[in-house]
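Residue numbers (full-length UniProt numbering), protein chains in the order written: chain A, 1 to 842; chain B, 1 to 254. Glycine included, C-beta positions come from ideal geometry on N, C-alpha and C. Structure, as structure tokens:
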Amino acid sequence: SNPFEVKVNRQKFDILGRKTKNDVGLPGVSRSKAIKKRNQTLLKEYKEREKTNVFKDKRFGEYNTKITPEEKMIRRFTLERQQNYGKKNIYNLNEDEELTHYGQSLAEIEKLNDIVDSDSDTEERGTLSAELTAAHFGGGGGLLRKKVSSEQQDEEEEKPKSRKELIEEMIAKSKQEKQERQTRRESALELTEKLDKDWKEIQTLIARKAPKSERKDKEVEKPKPDEYDIIVRELGFEMKAKPSEKLKTEEELAKEEQARLQKLEADRLRRMRGIDEEANQKRPSHMSADDLADGFILDKDDRRLLSYKDGKINIENEEEKGEEGEEEEEEEGEEGDNEDEEESQEESASEDEEDAAADGHSDLESDLESEGEAAENKEEKKHEANENESQNVEKLDPKREAAKSELPYTFAVPESYETFKSLLAGRTIEQQLIILERIQKCNHPSLAVGNKAKLEKLFGFLLEYIGELATLDLPELRTIDKLVLPLYNLCQMFPEAASDSMRFILRDAAHDLEEVIEVKGRATLPALDTLIYLKIVSLLFPTSDFWHPVVTPAFIYMSQLLTKCRITTLQDVIKGLFICCLFLEYVSLSRRFVPELINFLLGVLHISLPKSQAQGYTVVHPFTPVGKNLELLLVCDKEDLKSWEKQNVPLSIVTRLKEASRTEINHTRLSCLALCFDLIKKCAALYESLPSFHEIMHPVRILLTKHMPVNEYPEKMQEWYHSALKELENKVKHYIPLVCEKKKPVPLKQYTPKIVKVLEFGRKQAGSKKEQERKQLIQRHKRELKGAIREIRKDNQYLARMQLSEIMERDAARKRKVKELLGSLATQEGEWKAMKRKKWKN
Amino acid sequence: QLPPGLYKKVLVILHDSVLPYMNEPTLMMDFLTVAYGIGGAISLLALNGLFILIHQHNLEYPDFYKKLYSLLDPSIYHVKYRARFFHLTDLFLSSSHLPAYLVAAFIKRLARLALTAPPEALLMILPFICNLFRRHPACKVLLHRPAGPADMSEDPYVMEEEEPSESRALQSSVWEIQSLQSHYHPDVAKAAAVLNQSLSEMEDDISRLLELSAAELFDKEVKKKAVDVPLEFEPVRGLFGKKNDIFAEHFSLD
Numbered sequence: 001s002n003p004f005e006v007k008v009n010r011q012k013f014d015i016l017g018r019k020t021k022n023d024v025g026l027p028g029v030s031r032s033k034a035i036k037k038r039n040q041t042l043l044k045e046y047k048e049r050e051k052t053n054v055f056k057d058k059r060f061g062e063y064n065t066k067i068t069p070e071e072k073m074i075r076r077f078t079l080e081r082q083q084n085y086g087k088k089n090i091y092n093l094n095e096d097e098e099l100t101h102y103g104q105s106l107a108e109i110e111k112l113n114d115i116v117d118s119d120s121d122t123e124e125r126g127t128l129s130a131e132l133t134a135a136h137f138g139g140g141g142g143l144l145r146k147k148v149s150s151e152q153q154d155e156e157e158e159k160p161k162s163r164k165e166l167i168e169e170m171i172a173k174s175k176q177e178k179q180e181r182q183t184r185r186e187s188a189l190e191l192t193e194k195l196d197k198d199w200k201e202i203q204t205l206i207a208r209k210a211p212k213s214e215r216k217d218k219e220v221e222k223p224k225p226d227e228y229d230i231i232v233r234e235l236g237f238e239m240k241a242k243p244s245e246k247l248k249t250e251e252e253l254a255k256e257e258q259a260r261l262q263k264l265e266a267d268r269l270r271r272m273r274g275i276d277e278e279a280n281q282k283r284p285s286h287m288s289a290d291d292l293a294d295g296f297i298l299d300k301d302d303r304r305l306l307s308y309k310d311g312k313i314n315i316e317n318e319e320e321k322g323e324e325g326e327e328e329e330e331e332e333g334e335e336g337d338n339e340d341e342e343e344s345q346e347e348s349a350s351e352d353e354e355d356a357a358a359d360g361h362s363d364l365e366s367d368l369e370s371e372g373e374a375a376e377n378k379e380e381k382k383h384e385a386n387e388n389e390s391q392n393v394e395k396l397d398p399k400r401e402a403a404k405s406e407l408p409y410t411f412a413v414p415e416s417y418e419t420f421k422s423l424l425a426g427r428t429i430e431q432q433l434i435i436l437e438r439i440q441k442c443n444h445p446s447l448a449v450g451n452k453a454k455l456e457k458l459f460g461f462l463l464e465y466i467g468e469l470a471t472l473d474l475p476e477l478r479t480i481d482k483l484v485l486p487l488y489n490l491c492q493m494f495p496e497a498a499s500d501s502m503r504f505i506l507r508d509a510a511h512d513l514e515e516v517i518e519v520k521g522r523a524t525l526p527a528l529d530t531l532i533y534l535k536i537v538s539l540l541f542p543t544s545d546f547w548h549p550v551v552t553p554a555f556i557y558m559s560q561l562l563t564k565c566r567i568t569t570l571q572d573v574i575k576g577l578f579i580c581c582l583f584l585e586y587v588s589l590s591r592r593f594v595p596e597l598i599n600f601l602l603g604v605l606h607i608s609l610p611k612s613q614a615q616g617y618t619v620v621h622p623f624t625p626v627g628k629n630l631e632l633l634l635v636c637d638k639e640d641l642k643s644w645e646k647q648n649v650p651l652s653i654v655t656r657l658k659e660a661s662r663t664e665i666n667h668t669r670l671s672c673l674a675l676c677f678d679l680i681k682k683c684a685a686l687y688e689s690l691p692s693f694h695e696i697m698h699p700v701r702i703l704l705t706k707h708m709p710v711n712e713y714p715e716k717m718q719e720w721y722h723s724a725l726k727e728l729e730n731k732v733k734h735y736i737p738l739v740c741e742k743k744k745p746v747p748l749k750q751y752t753p754k755i756v757k758v759l760e761f762g763r764k765q766a767g768s769k770k771e772q773e774r775k776q777l778i779q780r781h782k783r784e785l786k787g788a789i790r791e792i793r794k795d796n797q798y799l800a801r802m803q804l805s806e807i808m809e810r811d812a813a814r815k816r817k818v819k820e821l822l823g824s825l826a827t828q829e830g831e832w833k834a835m836k837r838k839k840w841k842n
Numbered sequence: 001q002l003p004p005g006l007y008k009k010v011l012v013i014l015h016d017s018v019l020p021y022m023n024e025p026t027l028m029m030d031f032l033t034v035a036y037g038i039g040g041a042i043s044l045l046a047l048n049g050l051f052i053l054i055h056q057h058n059l060e061y062p063d064f065y066k067k068l069y070s071l072l073d074p075s076i077y078h079v080k081y082r083a084r085f086f087h088l089t090d091l092f093l094s095s096s097h098l099p100a101y102l103v104a105a106f107i108k109r110l111a112r113l114a115l116t117a118p119p120e121a122l123l124m125i126l127p128f129i130c131n132l133f134r135r136h137p138a139c140k141v142l143l144h145r146p147a148g149p150a151d152m153s154e155d156p157y158v159m160e161e162e163e164p165s166e167s168r169a170l171q172s173s174v175w176e177i178q179s180l181q182s183h184y185h186p187d188v189a190k191a192a193a194v195l196n197q198s199l200s201e202m203e204d205d206i207s208r209l210l211e212l213s214a215a216e217l218f219d220k221e222v223k224k225k226a227v228d229v230p231l232e233f234e235p236v237r238g239l240f241g242k243k244n245d246i247f248a249e250h251f252s253l254d
């Protein structure tokens with residue numbers, strides 16, 4: 001604009017590419033802006049500087065944004081009413097308040113009573129209602145209506161009329177219609193009244209028949225629901241059949257199963273190595289998703305297939321299944337008219353046929369069940385491949401069928417161990433199994449809320465029951481063998497609860513051991529039940545994990561048993577060897593090193609020797625090189641030696657060895673020795689890869705080669721011996737010197753200059769980020785301070801200017817007044833003088 | 001001359017209830033040296049009194065370390081006085097003036113014996129050995145021998161040798177520790193795996209590990225909370241129904 005109003009900030013050097021904000025200033029404009037602003041703020045303040053009056057807005061809710069304007073109005077209105085209420089009453093004697101509804105006084109409405117509200121309802125009777133048309137024809141009414149309106153428009157366009165005319169015409173029309181309708185209704189009313197009267201007269205004449213006809217009249221009035229309607233509605237609400245998965249071929253199934261097993265194995269290996277246990281996601285549970293949903297562990301394939309019965313989906317059927325389980329299942333099986341059913345049965349049958357471990361379904365639980373059954377079948381009957389398996393499954397097990405039919409179908413989960421025991425007492429194994437199965441089915445967690453806790457308890461009861469069976473004088477190990485299956489199933493369902501109760505048992509056992517050691521100083525090996533528990537641990541949980549909540553404590557407990565407990569009898573030796581077997585089984589996959597195991601086997605071999613100076617090896621606790629418990633396994637009787645044959649050691653021997661004869665005892669001793677040889681052989685195979693394998697096995701080897709009276713043993717024993725020794729000796733000795741893992745080299749300190757990116761020129765870059773920030777803050781503060789001071793100074797100048805102008809104004813006014821006064825005085829004086837002069841003249 | 005039970009009782013209390021109150025503790029010298037020579041648990045117990053005499057009363061004991069070395073046998077990890085013994089051994093081996101061959105021999109012997117030790121002792125002895133390596137860096141050849149022969153057919157260390165200097169421990173490596181890296185107890189395996197990496201500078205505090213008992217170990221493991229419990233995926237087919245079940249071969253359910 002005006003070049004004289006522009007101030008140019010000259011720069012010393014022009015730099016290309018740099019933008020400057022302040023190269024041109026407009027002092028005039030900015031000054032006028034500042035003055036205007038001060039006029040609005042500072043001047044106002046200045047003018048009101050000695051005034052204390054304040055304007056208060058007391059309108060109700062004026063500044064309250066939460067209230068909607070309508071509400072605000074209503075409340076203001078009520079407030080006003082409340083204020084006026086008391087005052088008016090004194091003087092307003094006969095004027096009541098007028099009540100209104102939508103702005104019309106109620107009194108008026110009352111006068112016209114029912115004319116207004118009764119004209120809308122009945123006019124459309126007989127024609128199709130809008131709803132009905134919408135429902136039937138998919139809402140085409142909208143289109144129709146539009147057409148109608150457009151038609152009307154067309155008509156109106158023929159005779160162009162003014163808007164006012166149109167409206168008037170419409171009003172007149174509607175009024176006329178109303179009138180007509182009213183007259184019609186009135187006449188109808190009159191007619192009905194008349195009819196009623198007539199009717200009453202006639203009624204007495206037609207005594208009985210009347211009510212029927214009346215009812216008929218009424219029925220006619222309500223339009224009967226159309227059959228078409230009913231069908232349409234039904235189709236709308238009907239459940240749609242969802243496409244079920246296609247049935248898989250056997251190859252696909254096998255492939256799937258293989259993939260699943262591979263994945264599980266990979267998982268196990270990862271856990272064995274103990275890498276990133278936490279980092280990896282949760283282990284996939286064994287139950288597939290649909291497994292939990294249906295939850296029945298049936299002998300047959302229990303997937304529910306969508307089935308039709310008389311053209312209707314039989315959903316109710318399935319619900320009943322939940323209640324009655326078996327019964328329904330059997331019935332359906334017998335029906336046999338359902339294709340789906342048959343197919344599924346065939347499938348499950350084919351599963352049975354195959355090898356139990358290799359086959360399978362995505363539905364593991366039913367799979368397990370069938371496998372379990374297969375195992376049972378094997379024991380009772382040789383399993384044959386049948387063509388017609390669907391019947392086979394049921395026929396194979398007549399005992400079981402009988403048991404099934406005897407027992408009730410539903411069981412509540414027992415609340416206490418006593419009730420649980422009484423439930424199973426006096427039943428055969430088969431019955432017990434079925435009872436457990438049914439308890440599980442009837443109380444599946446998906447059926448009711450509390451069932452989960454109940455079934456979790458059941459696991460504990462079952463464990464306790466197994467323990468009790470094992471501690472009997474004549475341990476019922478066969479029963480336990482079967483009961484392991486439901487235990488496994490329950491464990492798969494509730495891993496946490498299972499691990500908790502297992503740990504609880506282990507803890508109790510370990511504490512007992514501890515107490516005994518503290519009190520007596522020595523301990524004996526626990527009873528058979530604990531051993532069975534330890535065995536069950538290996539069945540339920542993976543023992544190869546680097547760390548496992550149940551398995552690791554079990555390891556420590558077994559180690560304690562092998563090192564702390566005295567070996568004084570043959571039973572102790574058997575128990576000890578049992579624990580050795582457990583150890584071997586636990587580490588069979590992970591190949592972990594168990595020193596206690598080797599120590600114990602060495603000790604057992606030691607006590608099979610005749611008393612002599614042990615040379616070249618040392619036995620450690622609980623065995624002693626000299627003492628009274630030596631020669632526990634020594635057999636001197638030549639005949640017993642000859643007649644011995646390797647046989648499996650019956651577990652029940654630990655409770656009733658006393659009854660056995662001398663020969664039997666001797667045979668058991670020899671069996672133990674053979675077992676010991678075998679274990680050594682297995683250990684050797686297992687620990688082959690350890691770098692100090694020879695050092696570990698050194699004492700055992702010396703004992704075997706130098707001290708064993710091999711020639712006295714029967715031939716079979718010699719076989720065992722030699723196979724063990726061979727396994728020990730044919731291992732190559734080689735030692736590779738240890739080398740530490742390379743660690744990352746620490747980088748050397750370097751003296752190359754540090755290069756810093758320059759972000760802004762003219763700024764100090766030195767210092768850390770924090771320091772820079774501080775500096776920036778200080779600078780900003782300085783700048784702000786300067787600005788503030790300048791502003792205050794300008795304010796003061798402005799104020800001073802204002803005051804000056806005020807004073808000037810005042811002075812000017814005074815001067816003007818003085819002038820006026822002086823002027824008036826002068827005129828007065830002048831007049832007076834003129835008068836005087838006149839007088840003088842006169 | 002005393003019955004062993006009484007011997008043990010006397011020796012247990014000797015160092016803190018008898019020796020401090022004697023005018024001339026050196027009088028006990030003969031008694032202690034004889035006890036030290038007996039062997040077994042009595043030797044272990046005599047060690048304590050002997051230490052006081054050596055430390056405070058200028059007792060000169062020839063071949064002390066040789067004797068100490070010969071005390072190490074498989075039972076030391078199993079005896080009741082384990083904590084006391086290893087406390088003292090730690091003291092004796094803390095001197096940095098000991099020759100490397102001696103310390104190496106000790107290390108090698110302790111490691112060899114550890115192959116028969118229970119987990120609670122292993123948890124103590126592994127940090128103990130680590131500490132020895134830290135104090136005597138010359139022994140680190142046992143851990144790290146980059147220029148050695150590629151393959152040996154025999155461990156150079158001679159276990160049976162009584163004399164530490166003859167045991168050729170410095171030419172060996174601690175393969176025993178490597179074996180213990182596959183111990184079944186996770187903590188032991190971890191402790192053994194520490195020696196794979198180069199050691200940190202700080203010594204481990206083993207005083208609280210000395211008294212560790214199996215019951216404590218068990219309690220520690222049982223109290224650990226598991227986030228989720230992995231399960232066996234191989235379906236059960238009875239008590240002895242696993243594949244290649246060892247039990248099925250040797251035990252019957254009757």
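Q: Determine the closest residue to A/Arg59 out of A/Asn2, A/Glu80 and A/Tyr46, with distance taken between C-alpha atoms.
A: Walking along the first sequence from the start, residue 59 of chain A turns up at place 59. Closest by alpha carbon: A/Glu80.
Q) Would A/Ser187 be called buried (16 or more neighbouring beta carbons within 10 Å of its own) or exposed? A) Your numbering for residue 187 of chain A matches position 187 in the first sequence. Under this definition A/Ser187 is an exposed residue.
Q. Apart from the five residues on each side of it in sequence, which residues of its chain come closer than 8 Å, Cβ to Cβ, to A/Lys282?
A. Here residue 282 of chain A refers to the residue found at position 282 when the first sequence is read from its first residue. Since pLDDT at A/Lys282 reaches only 40, below the 50 mark, its modelled position is unreliable, and the value read off the structure follows with that caveat. Within the same chain, no Cβ atom closer than 8 Å to the Cβ of A/Lys282 is found once the five residues on either side in sequence are excluded.
Q) Checking contacts by CB at 8 Å: is residue 255 of chain B closer than that to chain A? A) Since the first and last residues shown for chain B are 1 and 254, residue 255 of chain B lies out of range.
**Q.** Close beta carbons around A/Ser501, own chain, < 7 Å, minus the five adjacent residues each side
**A.** Translated into positions along the first sequence, residue 501 of chain A becomes position 501. These residues qualify, in order along the chain: Phe459, Gly460 and Leu463.
Q: Would you mind giving the Cβ-Cβ distance between A/Leu601 and A/Leu634, rounded to the nearest angstrom? I have them listed as a contact below 8 Å.
A: Taking the first residue of the first sequence as 1, we reach residue 601 of chain A at position 601. Taking the first residue of the first sequence as 1, we reach residue 634 of chain A at position 634. About 17 Å separates the two Cβ atoms, so there is no contact after all.
Q: Look at the alpha carbon of A/Leu799 and the alpha carbon of A/Leu43, and state the distance between them as a whole number of angstroms.
A: As a working mapping, residue 799 of chain A is identified with position 799 in the first sequence. As a working mapping, residue 43 of chain A is identified with position 43 in the first sequence. Approximately 8 Å between the Cα atoms of the pair.
Q: Sort out for me which residues DSSP pairs A/Ala523 with in a bridge.
A: By one-based count along the first sequence, residue 523 of chain A stands at place 523. According to DSSP, A/Ala523 shares a beta bridge with A/Cys565.
Q. Can you tell which of B/Asp63, B/Tyr77, B/Gln197 and B/Ser198 has the C-alpha that lies nearest to the C-alpha of B/Ala111?
A. Here residue 111 of chain B refers to the residue found at position 111 of the second sequence. Residue B/Tyr77 is the option with its Cα nearest to B/Ala111.
Q) Can you tell which of A/Glu585, A/Ile567 and A/Ser652 has the C-alpha that lies nearest to the C-alpha of A/Leu534? A) For the purposes of this step, residue 534 of chain A is taken as residue 534 along the first sequence, with counting starting at 1. Considering only alpha carbons, the answer is A/Glu585.
Q. With 16 other CB atoms within 10 Å as the buried threshold, where does B/Ala105 fall?
A. In the second sequence, counting from the first residue as 1, residue 105 of chain B sits at position 105. Buried, because 16 or more other Cβ atoms sit within 10 Å of the Cβ of B/Ala105.
Q) If you measure from the beta carbon of A/Val620 to each beta carbon in chain B, is any gap under 8 Å? A) Along the first sequence, read from residue 1 onward, the residue named residue 620 of chain A stands at position 620. So yes, A/Val620 belongs to the interface.
Q) Which residue from B/Ile206, B/Gly148, B/Gln181 and B/Lys242 puts its Cα closest to that of B/His87? A) The count along the second sequence starts at 1 and reaches residue 87 of chain B at position 87. Measuring from the Cα of B/His87, the nearest candidate turns out to be B/Ile206.
Q. Along chain A, which residues have their Cβ under 7 Å away from the Cβ of B/Lys108?
A. As a position in the second sequence, residue 108 of chain B is number 108, starting the count at 1. Neighbours of B/Lys108 on chain A: none; closest Cβ ~11 Å, over 7 Å.
Q) Within the 8 Å Cβ cut-off, does A/Ile702 reach chain B? A) Position 702 of the first sequence, counted from the first residue, corresponds to residue 702 of chain A. Taking Cβ atoms only, chain B never reaches closer than 8 Å to A/Ile702, which makes this a no.
Q: Using DSSP bridges, identify the partner residues of A/Phe593.
A: To locate residue 593 of chain A, count along the first sequence from 1; it is residue 593. Answer by DSSP bridge pairing, in chain order: B/His183.
Q | Rounded distance between the beta-carbons of B/Pro74 and A/Thr618, thought under 8 Å | A | The residue you call residue 618 of chain A lines up with position 618 of the first sequence. The residue you call residue 74 of chain B lines up with position 74 of the second sequence. Yes, A/Thr618 and B/Pro74 are in contact; Cβ-Cβ is about 5 Å, under 8 Å.
Q: With distances taken Cα to Cα, identify the nearest neighbour of A/Tyr409 among A/Lys441, A/Leu424, A/Glu430 and A/Tyr228.
A: Here the question's residue 409 of chain A lines up with position 409 in the first sequence. Answer by Cα proximity: A/Lys441.
Q: Mind listing the chain B neighbours of A/Ile480? Cutoff is C-beta to C-beta under 7 Å, in chain order.
A: The residue you call residue 480 of chain A lines up with position 480 of the first sequence. What A/Ile480 touches in chain B: Leu239.
Q: Please list, in chain order, all residues of the same chain as B/Leu32 whose beta carbon is under 6 Å from its beta carbon, the five residues on each side excluded.
A: Along the second sequence, read from residue 1 onward, the residue named residue 32 of chain B stands at position 32. These residues qualify, in order along the chain: Ala46, Gly49 and Leu50.
Q.
Measuring straight from C-alpha to C-alpha, what distance separates A/Arg181 and A/Lys175?
A. Taking the first sequence and counting its residues from 1, one reaches residue 181 of chain A at position 181. Taking the first sequence and counting its residues from 1, one reaches residue 175 of chain A at position 175. Their backbone Cα atoms lie some 10 Å apart in a straight line.
(Q) Is the beta carbon of A/Val626 closer than 8 Å to that of B/Arg145? (A) Numbered from its first residue, the second sequence carries residue 145 of chain B at position 145. Numbered from its first residue, the first sequence carries residue 626 of chain A at position 626. Cβ distance not < 8 Å, so B/Arg145 and A/Val626 don't count as in contact.
(Q) If we define contact as Cβ-Cβ less than 8 Å, is A/Trp720 a contact residue for chain B? (A) If you number the first sequence from 1, residue 720 of chain A lands on position 720. No - not a single Cβ of chain B is within 8 Å of the one on A/Trp720.
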